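Numbering (full-length UniProt numbering), first residue to last: 1 to 242. For every residue, glycine included, the Cβ atom is placed at its ideal position computed from N, Cα and C. Computed from a prediction, not measured in an experiment: that's the story for all the values here. Here the structure comes first, spelled out in structure tokens, and everything after it is commentary.
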């Protein structure tokens, strides 16, 4: 479903990504982890063209993200992205947030978009909040709305960029529960996160990054039980100590 080949990205002289190659199969959940500044968020933003690359190739469901002439707007409609800070339109109600792209991009009628939006709000447990505004919801509720909005586009895959890092601890589980359910339903997912409990529970594979490089790309149990690199061993010893 997602293939990255030798992807490089630099800001001036600063190399953010260096020869990164990996893949995500259909229905697979791949967690991307690593220390701050390791290139995790940049990597996931290159997948749907939010960050252009300097070299390498990215292919999603047979479409080259990096090829000249690729319609990135059309591509992004098929690859949902959930950000750290929700990115909801504050002046629109929750249901309007879910309807907007359906009407503008997918050309659904307003009744069709409304029906789809309400069904997805019900799915994430927020149908009662449909006519409120984002500012009236908790952070966890807003992130669940953001997931529902991404699902409204019928994506072939979902990308998550640290979806719980801006949330209070008690709100994290309500978002992770929705993500776990999506994984169980077979959604293809690539998730940048520090939530190692989620990774252990749901991930098929774990990608560990450091200094812009993919240091390890391993099956979940192999990564947690026998990390090959010293850097990954150090990382896990610090975050799993409690």
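Go ahead and label residue 25 buried or exposed: buried means 16 or more other beta carbons lie within 10 angstroms of its beta carbon, across all protein chains shown.
exposed
Any chance you could list the alpha helix (DSSP H) runs of at least 4 consecutive residues sitting entirely within the segment 56 to 85, in chain order?
72 to 78
Sub-8 Å separation of residue 127 and residue 147 beta-carbons:
no
Are the beta-carbon atoms of residue 191 and residue 65 separated by less than 8 Å?
no
Which residue or residues does DSSP assign as beta-bridge partners of residue 192?
32 and 161
Using CA atoms only, rank isn't needed, just tell me which of 45, 14, 23 and 214 is closest to residue 59.
23
Residues near residue 180 in its chain [Cβ-Cβ closer than 8 Å; skip 5 each side]:
198, 201 and 202
Consult DSSP for residue 25 and reduce its assignment to one of helix, strand or coil.
coil
Residue 157 to residue 14 span [Cα, whole Å]
30 Å
Could you pull the start and end residues of the alpha helix (DSSP H) that residue 231 belongs to?
230 to 239
Indicate the three-state DSSP secondary structure (helix, strand or coil) for residue 18 in the structure shown.
strand
Taking 8 Å as the threshold, find out whether the segment 87 to 102 comes into contact with the segment 131 to 147 through three or more Cβ pairs.
yes
Taking DSSP as the reference, what is the three-state secondary structure of residue 50?
coil
Could you pull out every residue in the same chain whose Cβ sits closer than 8 Å to the Cβ of residue 242, ignoring the five residues on either side in sequence?
Only weak support is given to the placement of residue 242: the predicted model assigns it a pLDDT of 47, under 50, and the value that follows is read from those uncertain coordinates. If we look at residue 242 and ignore the five residues flanking it on each side, it has no Cβ neighbours.
Mind checking residue 214: buried by the 16 CB within 10 Å criterion, or exposed?
buried
Measuring only the C-alpha atoms, how far is residue 154 from residue 78?
7 Å
Can the beta-carbon of residue 48 be found less than 8 Å from the beta-carbon of residue 159?
yes
Using DSSP's beta-bridge definition, name the partner residues of residue 5.
57
With a CB to CB cut of under 8 Å and the five nearest residues on each side skipped, what residues in its chain are close to residue 216?
206, 207, 208, 223, 227, 228, 229 and 232
Alpha-carbon to alpha-carbon, residue 177 and residue 111
29 Å
Short Cβ contact (8 Å threshold) for residue 174 with residue 140:
yes
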